[in-house]
Amino acid sequence: MDKIVILTGAGISAESGLGTFRDEGGVWTKYDLSEVATPEGFARDPAKVHDFYNARRKNAVGASPNAAHVAIARLQAKYAGEVILVTQNVDSLHEAAGAEAIHMHGRLDRAICAACNARWDAPPEMFATDACRVCGKTATRPDIVWFGEVPKALHVIGDHLESADLFAAIGTSGQVYPAAGFVAEAKRAGARTVEINLERSDVASLFDEHRIGPASETVPAWVDMLLR
Ligand code: OAD
Numbered sequence: 227m228d229k230i231v232i233l234t235g236a237g238i239s240a241e242s243g244l245g246t247f248r249d250e251g252g253v254w255t256k257y258d259l260s261e262v263a264t265p266e267g268f269a270r271d272p273a274k275v276h277d278f279y280n281a282r283r284k285n286a287v288g289a290s291p292n293a294a295h296v297a298i299a300r301l302q303a304k305y306a307g308e309v310i311l312v313t314q315n316v317d318s319l320h321e322a323a324g325a326e327a328i329h330m331h332g333r334l335d336r337a338i339c340a341a342c343n344a345r346w347d348a349p350p351e352m353f354a355t356d357a358c359r360v361c362g363k364t365a366t367r368p369d370i371v372w373f374g375e376v377p378k379a380l381h382v383i384g385d386h387l388e389s390a391d392l393f394a395a396i397g398t399s400g401q402v403y404p405a406a407g408f409v410a411e412a413k414r415a416g417a418r419t420v421e422i423n424l425e426r427s428d429v430a431s432l433f434d435e436h437r438i439g440p441a442s443e444t445v446p447a448w449v450d451m452l453l454r
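Position in the sequence shown counted from 1, then plus 226, gives you the numbering used here.
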């Protein structure tokens with residue numbers, strides 16, 4: 227296997243204490259997605275959206291990478307071929323473990339100005355009244371991709387999927403596109419596909435192989451197998 231492309235989702239950070247979205251008690255069972263994760267929701271009530279992301283940022287800052295994040299970093303460092311990591315997660319636990327990830331849904335620890343596109347490290351709390359450090363407009367927001375917006379780096383990710391020999395989806399329910407379509411893209415390109423998840427997801431039948439269990443156990447075991 228020359229090239230491995232890994233897609234991670236909220237399930238990989240669950241054992242670090244960060245909630246998933248669609249499991250029992252998940253984020254979208256407590257919050258209305260259309261109010262806090264869409265451009266329309268932000269236009270209606272920016273303070274509410276900032277409150278939501280300020281709370282999530284606070285949780286993320288207090289969290290540590292778990293054995294699954296550490297194992298992926300080890301794979302990136304030690305594997306003889308290429309290991310491309312794409313994450314839907316907005317936390318920075320992959321980086322904290324020493325890995326390099328493409329954040330297709332953005333990052334909680336980054337801020338962006340919607341008026342001039344300037345980006346900077348997000349402060350612990352952001353407010354609707356914050357002015358952009360570059361253009362001065364009060365158009366600052368978390369550098370997060372909301373529903374209805376185009377995820378980041380899709381062309382780069384598409385190129386990697388085209389040349390993948392192995393594609394792994396870890397801790398993701400496969401319900402949000404375009405990420406949910408990556409398995410089909412990789413398969414078309416001839417890659418073997420593996421789903422590593424707490425349970426078989428709704429899109430499990432699209433994968434060649436399944437490794438079921440908590441990511442902190444399944445991912446290190448999978449990485450050990452690849453490095454053997
Ligand atoms: P979901 O909450 O939809 O799915 C999480 C998946 O992780 C589920 O299939 C769980 O079974 C699995 N899981 C839970 N705990 C696990 C564990 N300890 N080990 C392994 N797997 C575990 O989260 P995502 O698929 O990441 O987007 O959601 C995708 C996108 O939807 C997110 O990036 C976010 C969300 O709305 C935006 O906000 C734009």
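Backbone N, C-alpha and C fix where the C-beta goes; we use that ideal spot for every residue, glycine too.
Please read these numbers as outputs of a predicted model, since none were measured by experiment.
**Q.** Sequence-distant residues of the same chain with beta carbon closer than 8 angstroms to ILE328, five excluded per side
**A.** ILE310, LEU311, VAL312, THR313, LYS378, ALA379, VAL382, ILE383
Q. Which residue or residues does DSSP assign as beta-bridge partners of ARG336?
A. ASP347
Q) Going by C-alpha distance, which of LEU334, ALA340, ALA365, CYS361 is nearest PRO350? A) LEU334
Q. ASP317 by DSSP, collapsed to three states: which one?
A. coil
Q: Given a cut-off of 9 angstroms, decide if VAL429 and ALA406 are closer than it, judged by their beta-carbon atoms.
A: yes
Q.
So, for GLN302: in the same chain, excluding its five sequence neighbours on each side, which residues have a beta-carbon less than 7 angstroms away from its beta-carbon?
A. VAL309, LEU311, ALA325, GLU326
Q: Drop a sphere of 10 angstroms on the beta-carbon of MET451, count the other beta-carbons inside from all chains shown, and report buried for 16 or more, exposed for fewer.
A: exposed
Q) With which residues is PRO368 paired in a DSSP beta bridge? A) ALA337
Q.
Helix, strand or coil for ALA395? Go by DSSP, reduced to three states.
A. strand
Q: Give me the Cα-Cα distance between MET227 and GLY307, rounded to the nearest whole angstrom.
A: 7 angstroms
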